[in-house]
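Participant: Every number in my numbering is 40 more than the matching position in the sequence shown, counting from 1. Just so you know, even glycine gets a beta-carbon here, dropped at the ideal spot from N, CA and C. Quick caveat: nothing in here was measured; it's all calculated off a predicted structure. Have a look at this one.
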Amino acid sequence: MKPADKAVKPGTRSRWAAKPLDRTLVAQAKADGIMNAVAHHTHYGYSNHGPVRENGAEIADPHLTMCVELIGQREQLEGFCRAHGDLLANKVIVYKHLEHWTVSPAGLRQEDADTAELAG
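If you want it as structure tokens, here you go:
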């Protein structure tokens, strides 16, 4: 996803009237009861084997990759993707099972996130 991506509604003729896609996805996630939704803008990097891009000091690069992170139950996230497939078409979607890591002098302890915790 890029900052320049817009959520164009059917019947709308102008992209200027469209909301930014990242904001639309976060608002839809909130309306759908997703536990957490955050838009992350990148400052430097590349995606899909493309060129390395960066934000300049004066002008932002509208083609830099950005991510919308959603945290919730797998079934709820799958339902979100099905319901909003028109907005997510041709976007890269990564699912990662949530784990908690506790780092201490004794080492690393890993445990799966509790279902009740993800439910809110």
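How close, in whole Å, do the beta carbons of residue 138 and residue 153 come, if the pair is a contact with beta carbons under 8 angstroms?
Facilitator: Yes, they are in contact, since the Cβ atoms of residue 138 and residue 153 sit about 4 angstroms apart, within 8 angstroms.
Participant: Do you know how far the Cα of residue 149 is from the Cα of residue 143?
Facilitator: 7 angstroms
Participant: Buried or exposed for residue 133, please, with buried defined as at least 16 other CB atoms from any protein chain shown within 10 angstroms of its CB.
Facilitator: exposed
Participant: Where DSSP assigns a beta bridge to residue 148, which residues make up the other side?
Facilitator: 143
Participant: Given residue 42, which residues of its chain have a CB within under 8 angstroms of its CB, disregarding the five upstream and five downstream residues?
Facilitator: 102, 103, 104, 105 and 106
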